[in-house]
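The next block holds one structure in the form of structure tokens; read it before the comments.
This is the structure in structure tokens:
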């Protein structure tokens, strides 16, 4: 077997690294402040109005014997979620205090936090997109090629990821098809949906753009879609963090701090 050597390659530009860490802060506080807003009315509906008797999802509490319990309802299914959803910290609340920003119950402050970090996230994203479009990074590294999208290649990558086999050597220099598709789905689908459904929940925006609620089937449907998109983004982040941990914590962190990523090359290949 030919000898291998570790080579540091420049993987992430300064703009990519800076906007990445700003996104980490913005997304965490967007989620936590969003849960604070949700707690003001912990239920979701479809349509234009809130049909209080028939929520699609709700977090409630009720007395059972000599104690209060939390209940989470999703469609016809009801689960006891005391201490997490519906009732926690000795009070009725959708999500627990540790998951919200601010931790105390205040809808106005939750909205202020949410709007501030939402605009920070939007402007940060525009900086990232502008810089990486101009540098050619998106076209060169993130747009999937025809070979990437070939069914045989996609299936091979699904299998190798499921087996936790991560790319080595020259393959580690490039994003694979699953990475490109997941990043593209977040940037091109989920994030625009988050922004548009968030704007749809604003009465001022609705007054100026009355067509916007109709696009999503009503303000309550927009609120539900907003919540679902947030959940999908959280799922993406959890998978992303898991991949970082499993494929090499220090190597991945170094690449997002210094821009340098170590790959193993055979012989004198550089």
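Residue numbers (this note's numbering): 303 to 572. The beta-carbon is built from N, C-alpha and C at its ideal position, and this holds for glycine as well.
Is the CB-CB distance between residue i and residue j below 7 Å?
i, j, result
"residue 520", "residue 349", "yes"
"residue 344", "residue 361", "yes"
"residue 485", "residue 311", "no"
"residue 332", "residue 389", "no"
"residue 334", "residue 403", "yes"
"residue 503", "residue 524", "yes"
"residue 307", "residue 567", "yes"
"residue 430", "residue 321", "yes"
"residue 246", "residue 324", "Past the boundaries of the shown model lies residue 246; the chain is included only from 303 to 572, so the question cannot be answered."
"residue 341", "residue 396", "yes"
"residue 338", "residue 412", "yes"
"residue 549", "residue 468", "yes"
"residue 346", "residue 327", "no"
"residue 488", "residue 538", "yes"
With residue i as the anchor, note down where its alpha helix (DSSP H) starts and where it stops.
i, result
"residue 529", "521-559"
"residue 336", "316-341"
"residue 507", "505-510"
"residue 392", "It is not in any alpha helix (DSSP H) - residue 392 carries neither H nor E in the DSSP assignment."
"residue 344", "Per DSSP, residue 344 belongs to no alpha helix (DSSP H) and is neither H nor E."
"residue 514", "513-517"
For residue i, report the span of its beta strand (DSSP E) as first-last.
i, result
"residue 376", "369-376"
"residue 381", "379-382"
"residue 489", "Taken as a continuous stretch (DSSP letters only), residue 489 belongs to no beta strand (DSSP E), as it is neither H nor E."
"residue 353", "No beta strand (DSSP E) holds residue 353; DSSP gives it neither H nor E."
"residue 366", "359-366"
Beta-carbon of residue i versus every beta-carbon of chain B: anything under 7 Å?
i, result
"residue 411", "Although the question refers to chain B, the structure presented lacks it and comprises just one protein chain."
Give me the Cβ distance between residue i and residue j, rounded to the nearest whole Å; I'm assuming they're in contact under 8 Å.
i, j, result
"residue 319", "residue 559", "7 Å"
"residue 522", "residue 374", "Between residue 374 and residue 522 the Cβ distance is about 19 Å, and since that is not below 8 Å, they are no contact."
"residue 535", "residue 492", "6 Å"
>> Runs of 4 residues minimum, wholly inside the segment 396-484: which ones carry the alpha helix (DSSP H) assignment?
In response: 409-437 and 453-464
>> I want to know whether the segment 384-399 touches the segment 362-372 - three or more CB-CB distances under 8 Å.
In response: yes
>> So, does the segment 470-484 touch the segment 436-448, judging by three or more C-beta pairs under 8 Å?
In response: yes
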